[in-house]
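Worksheet: one structure, shown below.
There are 2 protein chains.
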Amino acid sequence: MAVTRRNEKYDAIVRAARAVFGRVGYLTASIDLIASEAGVSTRTIYNHFDNKEHLFAEVLLASSRQVAEVHEAMIERRLTNVTDLPAALVALAEEWNRPQPEFDDHFAMSRRMGAERAHFPEKIYQAWREAGPWRVQRALAERFEELRDQGLLDVPDAGFAAHLFSVMIAEVRDYPKVVHAFLYGYLPRSCFECPGR
Amino acid sequence: MAVTRRNEKYDAIVRAARAVFGRVGYLTASIDLIASEAGVSTRTIYNHFDNKEHLFAEVLLASSRQVAEVHEAMIERRLTNVTDLPAALVALAEEWNRPQPEFDDHFAMSRRMGAERAHFPEKIYQAWREAGPWRVQRALAERFEELRDQGLLDVPDAGFAAHLFSVMIAEVRDYPKVVHAFLYGYLPRSCFECPGR
DNA sequence: GCAAAATTACAACGAACGTTTTACATAGTT
DNA sequence: AACTATGTAAAACGTTCGTTGTAATTTTGC
């Protein structure tokens, strides 16, 4: 696709919109501000997008797919041919949450989704869930299943464990401790022989 | 304190504000809507509160303290004289997240705090953190320490474990599985004798 | 060079909002 | 009944916002 002025403007709008939506949220993000940061006029934004909501949806879904692909590759790389599982999980968590300028805007948008979902159609929210979080969790669950088959993990429900792990590393920042808890739990070891287990 | 018309109106405003802030968020919650649900005029709201932000802060902090007291008592009740720890933790998680009409509005407000914090002064956010989540987590950490002293938990860092547990039960809804993972982890049991542990 | 496409700049529109003003009504107290 | 405190209803004010219209300008393609 040739670089044309029209494409340039489109890209600039998408980029600026992602930054502004991520920074101040859907409602507070004004078309004026987005236009200013994109270096275009508001009229131009409306030449490319029907309205604010369509802009939001397009920006959100495009970056969700992009980020999901990166995360899937990351999971593949980190959890294949594992020799030291704790270290691999810590490395995955660290890489997963490492600040990356090109994705920071997207993550900022994502972190707001729960609170802002009532402000746009539910199908946008669901499309994001499908394109982003769920897709990545499925990839993680598949890896967990393989690790289970290799005897490295004891996960009766890999999907649940994947969901739990992603919640833990998203919300709690000390990854060595998180991974340790994920693998070993907090029950004293002598209790593994206790009745009820 | 005698029930006066003024107190009645104040209470009605606070109650309606909590519901509206929780339902649609700080920005979208209009004074008109709150007044309508409270059954007062907007003028009356300004007779009681300087502005929208003060209303929000007062509503938020009052209910945070109230809910924290309930949670502290709950933790005390559920994690004292424990005979079956897994069952006690599951019961705590279930009670913690059980729908309670009188607190639903508060929890809805709380769930939005992360995304909405940029819209009001940071000190409101921090005051909420102190009056609510942190306070409850400290109570939970103290309980975990006692359970550790009783040999029922192996928690080197009770504060961390408390934080992790509260994140887990807040974000993941299958409490038996969550508690199982929290206590036992996902490492196969034979690996507890592996090197590197 | 010319026509078409795209953009800019700006004004305009209608709506929504937080807040204040104003006049009148209601409630409580003495 | 008189006075004070409080509430109501509605208008007004200033601001912000999403969106559209319009004329002029710039860029692109032939």
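Protein sequence lines correspond, in order, to chains A and B.
Here the first sequence stands for residues 1 to 197, where the numbers follow UniProt numbering.
Here the second sequence stands for residues 1 to 197, where the numbers follow UniProt numbering.
For every residue, glycine included, the Cβ atom is placed at its ideal position computed from N, Cα and C.
Because the structure is a prediction, the values reported are computed rather than measured.
Sequence-distant Cβ neighbours of Ile169 of chain A in its own chain, meaning closer than 7 angstroms and more than five residues away, are Ala93, Trp96, Asn97, Tyr175 and Val178. At least one beta carbon of chain A lies nearer than 9 angstroms to the beta carbon of Asp154 of chain B. Distance from the CA of Pro121 of chain A to the CA of Ala108 of chain B, rounded to the nearest whole angstrom, comes to 19 angstroms. In this structure, the beta-carbon distance from Ala139 of chain B to Ala158 of chain B does not fall below 9 angstroms.
Within 9 angstroms of the CB of Tyr175 of chain A, no CB atom of chain B is found; the nearest one sits about 12 angstroms away.
At a cut-off of 9 angstroms, the C-beta of Glu37 of chain B has no neighbouring C-beta in chain A. Contact with chain B is absent for Pro99 of chain A, since none of that chain's Cβ atoms lies less than 9 angstroms from the residue's Cβ. Here the alpha carbons of Glu145 of chain B and Ile34 of chain A stand approximately 50 angstroms from one another. Note on geometry: alpha-carbon atoms of Leu55 of chain B and Ile45 of chain B lie some 9 angstroms from one another. When the beta-carbon positions are compared, Gly22 of chain B and His119 of chain B stay at least 9 angstroms from each other. By a beta-carbon distance limit of 8 angstroms, His163 of chain B contacts Val172 of chain A. Their separation comes to about 6 angstroms. With contacts defined by Cβ atoms closer than 9 angstroms, Val136 of chain B and Leu147 of chain B do not form a contacting pair. Here the alpha carbons of Thr4 of chain A and Val20 of chain B stand approximately 47 angstroms from one another. In summary, Ser166 of chain B is buried, with 16 or more beta-carbon neighbours lying within 10 Å of its beta-carbon over all protein chains present. For a Cβ distance threshold of 9 angstroms, residue set Leu85, Pro86, Leu152, Leu153, Asp154, Phe182, Leu183, Tyr184 and Gly185 of chain A lies close to Leu187 of chain B, ordered along the chain.
The Cβ-Cβ distance between Ala91 of chain B and Arg78 of chain B falls below 9 angstroms. Annotation for Phe144 of chain A: the continuous alpha helix (DSSP H) segment containing it runs Pro133 to Asp149. Ranked by Cα distance from Pro86 of chain B, the options B:Glu76, B:Tyr186 and B:Phe182 are led by B:Phe182. Contact note: Val24 of chain B reaches chain A through Ala118, using a C-beta cutoff of 7 angstroms and chain order. Distances from the alpha-carbon of Phe49 of chain A to those of A:Thr80, A:Glu37 and A:Asp11 put A:Asp11 closest.
Between Gln66 of chain B and the set B:Glu102, B:Gly185, B:Met113 and B:Ser36, the nearest pair of CA atoms involves B:Glu102. Between Tyr26 of chain A and Glu130 of chain A, the CB-CB gap reaches or exceeds 9 angstroms. Counting along the chain, His48 of chain A sits inside the alpha helix (DSSP H) bounded by residues Thr42 to His48. Flagged as an interface residue toward chain B: Ala161 of chain A, by a C-beta distance shorter than 9 angstroms. Interface annotation, Glu145 of chain A: not in contact with chain B, CB-CB separation never under 9 angstroms. Exposed is the label assigned to Gly114 of chain A, since fewer than 16 other Cβ atoms lie within 10 Å of its Cβ. Taking all protein chains in view, the Cβ of Ser110 of chain A is crowded by 16 or more other Cβ atoms within 10 Å, so the residue is classified as buried. The alpha-carbon of Ser36 of chain A is positioned some 36 angstroms away from that of Val59 of chain B. In the three-state reduction of the DSSP assignment, Pro86 of chain B falls in the helix class, which pools H, G and I. From the beta-carbon of Arg111 of chain B, the residues of chain A found nearer than 8 angstroms are Gly114 and Ala115.
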